[in-house]
Each structure stands twice: as C-alpha cells, then as structure tokens.
Amino acid sequence: MILQGEHRRSIARTDDGAGVRILDQRLLPWEVRWVELRSADTAAVAIREMWTRGAPMIGATAAYGLAMALAADPGDASLARAYDTLLATRPTAVNLRWALDQVRAAVIDLPAAARATAALARADAICDEDAALCRAIGEQGLALFRTLHAKNPDRPLNILTHCNAGWLATVDYGTATAPVYLAHDAGIPVHVWVDETRPRNQGALLTAFELANHGVPHTVIADNAGGLLMMQGKVDAVIVGTDRVTANGDVCNKIGTYLKALAAADNGVPFYVALPYTTFDPDTATGADVPIEERSADELTRLTGPAEGGIATVKVTDSPAANPAFDVTPARLVTGYITERGVLDRI
Ligand code: MRU
C-alpha cells in the first residue's frame, strides 16, 4: 500500500513484536491514525466496531487477536474463550472463521509454552499469504484488463466498484483494486467509478482515499448512479470484492452489490468478483444460508463527517431504520471470479 510516500502493510506487528498496528478506518480520509492492538479483547473491539474491516483484514486481525490471547495465557480455556469472542465479532465474512481455525490448528497439539510463538508465526504467515494472493489476483485481473481495454483502446478502461475491497480491506493490494493498481502501474489508462456505498460510505471514504493516494483517476458516484452509467456505455466492467462465496458460486458482499449485478446483466456489462481462496466457503451451500449482518440503525439515521475540533455526527431522521449490511448476488449474474489461480467462469 502506498501512503504518504511509504509502502506499508495495512496490518503489521509493532516494533516489540507483541502487538499489531492497524489504521483506524473510522477516521479516514480525514485523519491517518495508526493504532496498536495488544490484546484479543481489543482486537475484537476493533473488528466489531469497524476500526478495521474487509474480509481478509478481519481474518488477519482475528488471527493476531488469538495469538495475543495465547501470549497472555496459553491454556485451553483461554484459547476457547478468545476463539469464541473473536468469531462472534462479525458474522458474514468467512475469512474470520478461516483465519481463527488456521491459528487454532497450528497450536492445539502443542505444549502451552510453545503456543504463543506458533500462533504469532501462523498469523504472520496468513498475512504474507494474503498479500501474495492479492498480488496474484492483481496479475490475473491485469491480463483481463488488457483484453477489455483492447476493445476500446482510444479511451480509458472504465471500472465500477462497490464498497472497499482495496488494501485497507486486505493486508496489501486489495482484491477488486489489485488489477486496477497493476493496470495503472503498467500504463493502461484506467478510471474507476466509485460507488459511495451507503450507509458507511466505504467507497467515498476509503476506496477514493486509496485511489487518490495511488494516483488512479476516479469519480465518486451516488449508489444509484451506476445503472444509468452502464446504460450510457460508460462502464466497461464491474469488479467487486466479496465476504463469502458459497459452494454454488453465490456472492455475499456489501449491501447494494446485487443491484449493480442486475444493472450489469441488463446492460451487457461484465460483472466480476475478485477473491482469494480464503473467501470461498465450500461448506455453505448457497447465499441463502449465509448470515447477513444487521448493523445499527444509527449508521443510516446519522451522518458523520469532519468538523472543527474533530468529527461530528448529524441526525438525519427519527424514523425507524433497517440496516442489513450485505446482500447476495446469485451466481448466474457473475461473469467471472478473479482468483489467484485465474479468472474462472464457475467456482
Ligand atoms: O462491512 P465491511 O466494510 O467489512 O464490508 C466489506 C466488503 O463488503 C468488502 O467488499 C469485502 O469484504 C471484500 S474485502 C476484500
């Protein structure tokens, strides 16, 4: 990730090696603040309250959280308690359970004295692997982008994305954004339509921040604008990340993704989903079986933004509000899955 001229991962161990540092994403793009997590409970708060978010990053943070619990107390009860606490933070992204299972499997048969070191090593490996997976997704997507751009070589390749599936949501590169970064770096002119992604505005706040930092031309649009842009021929492809792809290829992602897939299908625009294998859930049959997170109505009824002296919240309505955070895009609407192994038309 490129931020203020330096390349750093979204999550990394603190200098003393005992904790991890992450960006507080609630403050972006107004303030860049790294925070340290030094216990499983703090890691759980950071995930639940969305200091950090995005499926792979949730998994990475939880992996370190479990390791930190074992550093404090390597016993079986501590392992079980921290595993349950971290797993309960957010229900939809399957990377959370995957990462916790990885760490638990790495330590369960070890003597207590060896567990913390082994758990930290496994969490480090999860992060190294996630960065490599996202890089590979980027390379697979780059080949696709070359083909797409060749169809209209006289204009920039116009990509539409929803939510933030960038380096903030992963350890590095992102999933949906990795092909964008690699294409931009390779000299392919690429422009990104960035859905604002109400209610938390991950697109307007986070994806736009990332793209601006990387120098990628982009335009923030209201969530409802994509259909018109597709109808006008201004979108060459939609690319989104995902929190979970089920055995039949259904795609669970940020609320609003499904409507983009419908509009893409109606307008003959290819709809791609970028994911590493860690986001594939072969044990869940279809999207109907995925728990959809219901978040606080406050996210909908209040607006948050920078103000003199800090960040201010303004109330928009007193009416009751419902806030499902994810939806399911049926596999039949997906043109291809951009994975580390290639662009697959079926998963
Ligand atoms: O609620 P969030 O911000 O955690 O939701 C994130 C998304 O929906 C992302 O698109 C998804 O996790 C893919 S991240 C590579």
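Mapping the sequence shown onto full-length UniProt numbering, position 79 (from 1) lands on 79, and the numbers just tick up by one. We put the CB at the ideal spot given by N, CA and C, even for glycine.
Item: Contact set for residue 71: own chain, Cβ-Cβ below 6 Å, skip 5 residues either direction; Value: 116
Item: Residue 171 - partner residues in DSSP beta bridges; Value: According to DSSP, which records beta bridges pairwise, residue 171 is partnered with nothing at all.
Item: Beta-carbon proximity of residue 281 to residue 94, cut-off 9 Å; Value: yes
Item: Neighbourhood of residue 300 by C-beta distance below 6 Å, restricted to the same chain and skipping five residues each side; Value: 199, 321 and 323
Item: Contact with chain D by residue 203, beta-carbon distance below 9 Å; Value: No chain D is present in this structure, which holds just one protein chain.
Item: Every unbroken beta strand (DSSP E) within the region 178 to 246, with a cutoff of 3 residues, ordered by chain; Value: 190 to 195, 218 to 221, 237 to 240 and 244 to 246
Item: Rounded Cβ spacing between residue 338 and residue 137 (contact assumed at less than 8 Å); Value: 6 Å
Item: Stretch pair the region 232 to 252 + the region 273 to 291: three plus CB contacts closer than 8 Å; Value: yes
Item: Three-state secondary structure assigned by DSSP to residue 106; Value: helix
Item: Residue 329 - partner residues in DSSP beta bridges; Value: 251
Item: Closest Cα partner of residue 342 within the set 143, 26, 239 and 265; Value: 143
Item: Distance between residue 113 and residue 259 (C-alpha atoms, nearest Å); Value: 51 Å
Item: Alpha-carbon spacing of residue 203 relative to residue 111, whole angstroms; Value: 45 Å
Item: For residue 295 and residue 348, believed in contact at Cβ under 8 Å, the rounded distance; Value: What is shown of the chain runs 1 to 347, which leaves residue 348 out entirely.
Item: Inter-residue spacing [alpha-carbon to alpha-carbon] between residue 69 and residue 40; Value: 5 Å
Item: Straight-line gap, residue 152 to residue 347 (C-alpha atoms, nearest Å); Value: 29 Å
Item: Beta-carbon proximity check, residue 91 vs residue 276, cutoff 9 Å; Value: no
Item: Any non-hydrogen atom of ligand 2 closer than 8 Å to residue 9 Cβ; Value: In the structure shown, ligand 2 is absent; the only ligands present are ligand 1.
Item: Cα-Cα separation between residue 24 and residue 10, rounded to whole angstroms; Value: 10 Å
Item: Beta bridge counterpart(s) of residue 315 as assigned by DSSP; Value: 302
Item: Per-residue DSSP class, three states only, for residue 161; Value: strand
Item: From 106, 130, 131 and 134, residue whose alpha carbon lies closest to that of residue 122; Value: 106
Item: Cα-Cα separation, residue 33 to residue 266; Value: 42 Å
Item: Among 298, 176, 328 and 331, nearest to residue 319 - alpha-carbon criterion; Value: 298
Item: Three-state secondary structure (DSSP) of residue 341; Value: coil
Item: Short Cβ contact (9 Å threshold) for residue 335 with residue 345; Value: yes
Item: Rounded straight-line distance, which links the Cα of residue 197 to that of residue 333; Value: 20 Å
Item: Residue 311 burial status per 10 Å Cβ neighbour count (16 or more: buried); Value: exposed
Item: In DSSP terms, what residue 37 is bridged to; Value: 20
Item: Contacting residues, own chain, Cβ-Cβ under 6 Å from residue 194 (five flanking each side not counted); Value: 203, 207, 208, 218 and 220
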